[in-house]
Amino acid sequence: MALKWKSFYYDPRSLPMSCSWINSWEGTSMLIGDYGEIKSFEDLKAEIIDQDLCAGCGTCAAFCEAIEMEGDRPKLVGDCALVRGALKCGTCYEICPKRTNGDATIIEKFLSKEKTDELFGNYVGIYALRSTNAEIAEKAQDGGAVSAIIHYLLSTGMVDCGVISQRDEEWRAFPLVVTAPEDVTKGSGTRYAISPNVEALGDAIRDGMLRVAFVGTPCQVKGVRNLQTKLLEKIEKIDIVNIGLFCTENFRYDSFIEYMRPRLEEKGLKITDVTKTEITKGKFFFRSPKGDVTLKISELEPIIPNNCRNCIDFAAELADISVGSVGSPDGWSTVITR
Numbered sequence: 001m002a003l004k005w006k007s008f009y010y011d012p013r014s015l016p017m018s019c020s021w022i023n024s025w026e027g028t029s030m031l032i033g034d035y036g037e038i039k040s041f042e043d044l045k046a047e048i049i050d051q052d053l054c055a056g057c058g059t060c061a062a063f064c065e066a067i068e069m070e071g072d073r074p075k076l077v078g079d080c081a082l083v084r085g086a087l088k089c090g091t092c093y094e095i096c097p098k099r100t101n102g103d104a105t106i107i108e109k110f111l112s113k114e115k116t117d118e119l120f121g122n123y124v125g126i127y128a129l130r131s132t133n134a135e136i137a138e139k140a141q142d143g144g145a146v147s148a149i150i151h152y153l154l155s156t157g158m159v160d161c162g163v164i165s166q167r168d169e170e171w172r173a174f175p176l177v178v179t180a181p182e183d184v185t186k187g188s189g190t191r192y193a194i195s196p197n198v199e200a201l202g203d204a205i206r207d208g209m210l211r212v213a214f215v216g217t218p219c220q221v222k223g224v225r226n227l228q229t230k231l232l233e234k235i236e237k238i239d240i241v242n243i244g245l246f247c248t249e250n251f252r253y254d255s256f257i258e259y260m261r262p263r264l265e266e267k268g269l270k271i272t273d274v275t276k277t278e279i280t281k282g283k284f285f286f287r288s289p290k291g292d293v294t295l296k297i298s299e300l301e302p303i304i305p306n307n308c309r310n311c312i313d314f315a316a317e318l319a320d321i322s323v324g325s326v327g328s329p330d331g332w333s334t335v336i337t338r
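Residue 338, in UniProt numbering, is where the sequence shown stops; the numbers in between run on with no holes.
Structure (structure tokens):
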């Protein structure tokens, strides 16, 4: 069954919006929403996208037919609802995870306050885990915990789909919606290129898949939380399991490949020869049957996006479950339940 959904593009008043909320951006306080100044996509473009602060998460495009992701950047492809005479909208601006500062509200609404850690944030438990599924373990980046969790949720019918990412042979990353447990391994492994997963979450929900396991980086998880608190909170049937990935930085694909291609060619390799990438012990590894290329993390400094430079959320502190490799032995995943 497909969910009948009215887009903001056609009727911005058809979905619930918060009355008002306070944003602290660059030290200024501004009332946004029904009774305050309404910002449009042009404001988002000027303040975030054009300043290279956009994370490419796809949150702004998730439920607006006037916005589409072009690679890892949002683009206005139709008339904004405000231009069409809507009394209110500005949702794309409100929900942008690189602009908002609503962590306290999100923590209060979704997370346990039982324990807290300076590095990992609020948590219930911290574990070292690895999958017992042979196929998942073989293709896994570390312990295969993320793939195992999605596989279990789909197998038991607890969710309708999983939103993950996969790559092509050129290492471009893009979102993938999976509904069958056996398809989960298509997203195994790590690719260090931006994938607009939140846009795919919107597609899944509009297609009637209301119970979703979402996998994303910390900024993407925050985008989903913004959707949950500002746009989807009154739609009770929507249930999202947020699985966040530990993240120190991610890269825009074009910059990443342009930087890496000559370094691979020095070793007689092409990007299509690479079968695995990983960051461990302060180094970036490109694995290939023909040989490996190893860089110090500091060597990637020139291509780190600005939006990653000002991010302080390493452990996806707003997720329901956070997963990474830091703190666990090789071949195991560190899993934080929140």
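Ideal placement from N, C-alpha and C gives every residue a C-beta, glycine not left out.
Checklist entry - Between the stretch 287-295 and the stretch 306-325, do at least 3 Cβ pairs fall closer than 8 Å? => result no
Next on the checklist: Distance check for alanine 66 and glycine 157, CA to CA, integer angstroms please.
Outcome noted: 33 Å
Next on the checklist: Rounded to the nearest angstrom, what separates lysine 276 and cysteine 89 at their Cα positions?
Outcome noted: So the alpha carbons of these two residues sit roughly 43 Å apart.
Next on the checklist: Using only CA atoms, which one of Asn310, Val124, Glu37 and Ala61 lies nearest to proline 218?
Outcome noted: Asn310
Next on the checklist: Suppose you measure from the CA of leucine 201 to the CA of aspartate 72; what does that come to, to the nearest Å?
Outcome noted: 15 Å
Next on the checklist: I'd like the list of long-range same chain contacts for aspartate 50, defined as Cβ closer than 7 Å, with 5 residues on each side in sequence excluded.
Outcome noted: none
Checklist entry - Under 9 Å between C-beta atoms, does leucine 76 make it to chain B? => result Absent from the structure is chain B; it holds one protein chain and no more.
Checklist entry - What residues are listed by DSSP as bridge partners for alanine 173? => result As a beta-bridge residue in DSSP terms, alanine 173 pairs with Arg167.
Next on the checklist: Given this structure, state the Cα-to-Cα distance separating proline 305 from leucine 153, to the nearest angstrom.
Outcome noted: 34 Å
Item to check | Backbone CA spacing between leucine 129 and glycine 143 [nearest angstrom] | outcome: 6 Å
Item to check | Same chain, Cβ closer than 7 Å to serine 255, neighbours up to 5 away in sequence not counted | outcome: Ile303
Checklist entry - If you draw a straight line from the C-alpha of arginine 287 to the C-alpha of lysine 75, how long is it? => result Rounded to whole angstroms, arginine 287 and lysine 75 show a C-alpha spacing of 35 Å.
Item to check | asparagine 307, enclosing beta strand (DSSP E) - first and last residue | outcome: First-last for asparagine 307: 306-309, but that is the alpha helix (DSSP H), not the beta strand (DSSP E).
Next on the checklist: Within a Cβ cutoff of 6 Å, which residues of the same chain sit near valine 324, ignoring the five residues on either side of it in sequence?
Outcome noted: Going by the sequence as given, residue 324 is glycine instead of valine. The answer, listed in chain order, is Phe246 and Thr334.
Checklist entry - Which of helix, strand or coil does DSSP assign to aspartate 273? => result helix
Next on the checklist: Quick check on aspartate 52: buried or exposed, where buried means 16 or more other Cβ atoms within 10 Å of its Cβ?
Outcome noted: With fewer than 16 other Cβ atoms from the protein chains shown falling within 10 Å of its own Cβ, aspartate 52 counts as exposed.
Checklist entry - Is the number of C-beta pairs between the stretch 224-240 and the stretch 96-115 that are closer than 8 Å three or more? => result Judged by Cβ distances under 8 Å, the stretch 224-240 makes contact with the stretch 96-115, as three or more pairs qualify.
Next on the checklist: Buried or exposed for tyrosine 127, going by 16 or more other Cβ atoms inside 10 Å?
Outcome noted: exposed
Next on the checklist: If the criterion is Cβ atoms closer than 9 Å, does the pair serine 131 and serine 165 meet it?
Outcome noted: No.
Next on the checklist: Once DSSP output is grouped into helix, strand and coil, what is the label at proline 196?
Outcome noted: coil
Checklist entry - Since phenylalanine 256 is in the alpha helix (DSSP H), which residue starts that stretch and which ends it? => result It spans 253-265 - the alpha helix (DSSP H) in which phenylalanine 256 sits, taken as one unbroken run.
Item to check | Inter-residue Cα distance where the pair is residue 348 and arginine 261 | outcome: Since the displayed the chain opens at 1 and closes at 338, residue 348 lies outside it and no answer follows.
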